[in-house]
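Numbering (my numbering), first residue to last: 2 to 202.
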């Protein structure tokens with residue numbers, strides 16, 4: 002199913018969906034569900050300000066808030082390739098109060114081996130260092146310079162500052178789940194969509 006925010010504080014760009022295996026060659030690394038991202042050149046779905054064929058995960062309308070910055074700690078990944086490696090490019094962005102825009106502050110390129118099998122492929126865990134105090138993360142994947150579908154599980158995020166003052170600041174923002182059309186609803190009970198995500202803090 003398409004989705005916008007499996008966690009009520011984080012927002013995912015268009016192209017993301019949540020699915021169980023099959024029909025993908027990969028299996029979730031935990032739980033029963035995992036993420037799939039289909040690039041805009043294949044899905045015809047895009048978001049303003051997000052580069053072509055790029056996924057974006059961030060705190061959405063809270064980017065300018067002083068208490069919603071987060072750290073990216075880990076992600077398990079795989080992509081649609083049976084021979085050439087999957088080249089993931091991660092870019093961490095941080096909201097700049099002076100310019101009132103997000104600026105790139107962290108970069109990482111990860112080569113994930115292709116899976117030659119047609120099923121039961123294992124996602125590869127990636128640990129991130131230096132992706133701290135962010136307001137969004139962009140992910141672009143290329144296989145032989147071409148955009149491809151990719152899968153992920155065990156997204157590990159944590160607030161950059163867990164002191165009481167920042168926690169109180171976060172608690173003052175209405176606890177809601179935003180829909181793609183911008184309409185917010187009251188917080189719902191934890192759902193199976195969160196099987197693929199691990200939030201710390």
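A virtual CB, placed ideally from N, CA and C, is assigned to each residue, including glycine. Small disclaimer: the values here were computed from a predicted structure and weren't measured.
Contact under 8 Å by Cβ, residue i with residue j
i, j, result
"residue 150", "residue 80", "yes"
"residue 1", "residue 135", "This structure leaves residue 1 out entirely; the chain is present only between 2 and 202."
"residue 35", "residue 152", "yes"
"residue 144", "residue 82", "yes"
"residue 30", "residue 124", "yes"
"residue 90", "residue 141", "yes"
"residue 21", "residue 33", "yes"
Integer-rounded CB distance, given that residue j should sit under 8 Å from residue i
i, j, result
"residue 60", "residue 10", "6 Å"
"residue 118", "residue 56", "With 8 Å as the limit, residue 118 and residue 56 do not qualify as a contact, their Cβ atoms being about 25 Å apart."
"residue 171", "residue 68", "5 Å"
"residue 84", "residue 148", "Not a contact, Cβ separation roughly 17 Å."
"residue 122", "residue 26", "5 Å"
"residue 77", "residue 126", "5 Å"
Proximal residues to residue i (C-beta, below 6 Å), its chain only, five neighbours per side dropped
i, result
"residue 93", "106, 107, 132, 135, 138"
"residue 38", "16, 17, 56, 151"
"residue 49", "none"
"residue 51", "14, 57"
"residue 97", "104"
"residue 167", "68"
"residue 120", "26"
"residue 1", "Coverage of the chain is limited to positions 2 through 202, which leaves residue 1 absent and any answer about it impossible."
7 Å Cβ shell around residue i - same chain, five flanking residues per side excluded
i, result
"residue 58", "11, 13, 137, 138"
"residue 44", "16"
"residue 42", "53, 54, 148"
"residue 174", "63"
"residue 100", "none"
Chain-order list of residues whose beta-carbon lies under 8 Å from that of residue i (same chain, five-residue window excluded)
i, result
"residue 102", "96"
### Message
Runs of 3 residues minimum, wholly inside the stretch 76-120: which ones carry the beta strand (DSSP E) assignment?
### Response
87-97, 102-113
### Query
Three or more beta-carbon pairs under 8 Å between the stretch 54-74 and the stretch 111-121, yes or no?
no
### Message
Which runs of the alpha helix (DSSP H) at least 4 residues long sit entirely within the stretch 3-63? Give them in chain order.
### Response
41-44
### Message
Report the start-end ranges of each beta strand (DSSP E) in the stretch 123-152 that is 3 residues or longer and not cut off at the edges.
### Response
125-128, 137-143
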